[in-house]
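Numbering (this note's numbering), first residue to last: 22 to 382. Yeah, the Cβ is synthetic: ideal placement off N, Cα and C, and Gly gets one too. Read the structure below first, then the notes.
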């Protein structure tokens, strides 16, 4: 269904308030800034929906990847890191990477001469979309069955977008920038989905968790999983490597532009990154090792952060902020974990109640 370009509000919203005011002042991806307490990431492009719970099971919070690696007092240096060496002894678990490849077969689509939304594989937990029109800035929105709204940048590449919820009716919309922060509705459609692969959205790559066979992130994940006997060993090795070998890039966090997406190969080469880099790299390594992984965005207290959760066979979803020492899960987050001397940060994390998930990629 195509609308005239003069329309500047989204039909996905429950009223006709202009899109520019509904989208919180810029409809961009992530902007990063330094707060008095933490280096945090704010969502300028997302309309924050009411608190939602996607998983029906109780969630046990684990492996949180927060971006705030700063001490609470300005000027404090980071503790000296001990580099984590990649194990070389072969474990009993098969560490052969499995990189699922999304496709756009064209059997179920919405399209015209300027856009293509392919939901042929919606039952696998993802759709693809692209835009080939003249507008330099285009937004793509997905509304979940529970009403939660996800906003992405859309390009001429057929990108992959997860369906981060259960079966039900999803809505998609494309919006072209017409002036400043004003966006016109190009299309809006709905489709029903019966999710058959409940892990698909968290095993396939997407815009934020981008990987394919041959990538450095996949090779690194394979190397770190070499000595593993269990999925927990893989998670532990990846976690310890990340907090020991990847430095938080404060300069990048200050200078990053809206629309930023992690470049996994660059993170590995440079051995530094920002919040989304930490979360994205960890998710890439684990997904390519057949471990379903959420990349989550939400609040830690009042600050906006990103972290991960994983699914462990015979255990279920383990979500949030723990460090595994071989015997016990200790409350920790890999970015904060890189500053293990900061007791105030550990106290701030508390028992996980400070964390509220808003978006899952």
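Ranking 227, 190 and 121 by CA distance to the CA of residue 213 puts 190 first. Using a Cβ-Cβ distance cut-off of 8 Å, the segment 248 to 260 and the segment 326 to 340 are in contact, since at least three pairs of beta carbons, one from each stretch, lie closer than that value. Excluding residues up to 5 positions away in sequence, 243, 246 and 247 lie with their Cβ nearer than 6 Å to the Cβ of residue 116 in the same chain.
When secondary structure is reduced to three states using DSSP, residue 223 falls in the helix class. In this structure, DSSP gives residue 169 a state outside helix and strand, which the three-state scheme calls coil. Shown here for residue 224: same chain residues with a beta carbon closer than 6 Å to its own, the five before and five after excluded, namely 121, 308 and 313 in chain order. Under the three-state reduction of DSSP output, residue 237 falls in the helix class. With respect to the C-alpha of residue 128, the residue from 114, 134 and 143 having the closest C-alpha is 143.
Counting of Cβ neighbours within 10 angstroms places residue 294 among the buried residues, the total reaching 16 or more. Setting aside the 5 residues that flank it on each side, residue 154 is surrounded in the same chain by 135, each with a C-beta closer than 6 Å to its C-beta; the list follows chain order. With a 10 Å radius around the Cβ and a threshold of 16 neighbouring Cβ atoms, residue 270 comes out buried. When Cβ pairs closer than 8 Å are counted between the two stretches, the segment 232 to 239 is seen to touch the segment 269 to 288, the count reaching three or more. Across the structure, residue 263 and residue 133 are spaced so that their CA atoms are roughly 44 Å apart. A Cβ-Cβ separation of about 10 Å leaves residue 274 out of contact with residue 297 under the 8 Å criterion.
Cα atoms of residue 206 and residue 311: separation of roughly 38 Å, rounded to the nearest angstrom.
Considering only 252, 268, 160 and 381, the residue with the shortest C-alpha distance to residue 114 is 252.
Bounds of the beta strand (DSSP E) holding residue 200 are 189 to 200. For residue 150 against residue 180, the beta-carbon gap comes to about 6 Å, under 8 Å, which counts as contact. Taken through DSSP and simplified to helix, strand or coil, residue 158 comes out as coil. Assignment of residue 262 by DSSP, reduced to helix, strand and coil, places it in the helix class. Its Cα nearest to that of residue 200, the residue 156 stands out among 231, 186 and 156.
Within 10 angstroms of the beta-carbon of residue 139 lie 16 or more other beta-carbons, which makes it buried. In the displayed model, residue 186 falls within coil according to three-state DSSP, outside both helix and strand.
As a beta-bridge residue in DSSP terms, residue 315 pairs with 330.
Annotation: the continuous alpha helix (DSSP H) that includes residue 299 extends over 296 to 308. In this structure, DSSP gives residue 215 a state outside helix and strand, which the three-state scheme calls coil.
Around the beta carbon of residue 106, fewer than 16 other beta carbons sit within 10 angstroms, so the residue counts as exposed. Cβ-Cβ distances below 6 Å link residue 141 to 126, 128 and 129 in the same chain, with the five nearest sequence neighbours on each side left out; the list follows chain order.
DSSP places residue 150 inside the beta strand (DSSP E), whose first and last residues are 147 to 152. Residue 222 is classed as buried because its beta carbon has at least 16 other beta carbons within 10 Å across all chains shown. Boundaries of the alpha helix (DSSP H) around residue 275: 271 to 276.
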